[in-house]
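Enquirer: Numbering (this note's numbering), first residue to last: 34 to 124. Here a beta-carbon is modelled for each residue, glycine too, at the ideal position from N, C-alpha and C. Note that the structure is predicted; figures quoted are calculated from it, not measured. There's a structure below that I have some questions on.
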């Protein structure tokens with residue numbers, strides 16, 4: 034239904050540390066849903082690959098898989114860094 038907002042999160046696990054992991058997970062979700070994700074978030078900050086995750090979020094938006102990108106459970110510094118990274122690529 035058009036009036037439903039779909040939000041989902043990518044779990045930043047130690048074996049999923051590449052931008053393509055973020056994109057692939059979004060693609061699998063959109064394949065199951067049959068539509069783009071309205072809000073796609075990184076579930077929690079990662080000690081392994083935050084910037085790669087943010088690149089994946091931006092690419093997912095650019096590909097049309099995701100309409101809006103965000104993060105969850107981030108502190109102020111990590112939130113600002115993510116915002117700047119995504120803003121620099123127009124997301």
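1) Pull up the distance between the alpha-carbon of residue 75 and that of residue 117, whole angstroms please.
2) Counting only runs that start and end within the region 49-95, where is the alpha helix (DSSP H) found for 4 or more residues in a row?
3) Among 84, 66 and 97, whose alpha-carbon lies nearest the alpha-carbon of residue 49?
4) Just mark residue 58 as buried or exposed, buried being the case when its beta carbon has 16 or more other beta carbons within 10 Å.
5) Just grab the DSSP bridge partners of residue 41 for me.
6) Does the separation of the CB atoms of residue 92 and residue 70 fall below 7 angstroms?
7) Here's the rule I'm using: 16 or more other beta-carbon atoms within 10 Å means buried, otherwise exposed. How should residue 80 be labelled?
8) Return the residue from the list 111, 123 and 121 that minimises the CA-CA distance to residue 77.
9) To the nearest whole angstrom, what separates the beta carbons of residue 46 and residue 87, a pair I think is in contact under 8 angstroms?
Expert: In brief:
1) The count along the chain shown starts at 1 and reaches residue 75 at position 42. The count along the chain shown starts at 1 and reaches residue 117 at position 84. So the two alpha carbons sit approximately 15 angstroms from each other.
2) 52-66 and 83-95
3) Position 16 of the chain shown, counted from the start, is the residue given in the question as residue 49. Closest option to residue 49, Cα to Cα, is 84.
4) Locating residue 58 in the chain shown gives position 25, counting from the first residue. So residue 58 ends up on the buried side.
5) One-based indexing of the chain shown puts residue 41 at position 8. Paired residue(s): 73.
6) Position 59 of the chain shown, counted from the start, is the residue given in the question as residue 92. Position 37 of the chain shown, counted from the start, is the residue given in the question as residue 70. No.
7) Here the question's residue 80 lines up with position 47 in the chain shown. Burial call: exposed.
8) Position 44 of the chain shown, counted from the first residue, corresponds to residue 77. If we check each option's Cα against that of residue 77, 111 comes out closest.
9) Residue mapping note: residue 46 aligns to position 13 of the chain shown, counting from 1. Residue mapping note: residue 87 aligns to position 54 of the chain shown, counting from 1. Not really, about 16 angstroms apart at Cβ, beyond 8 angstroms.
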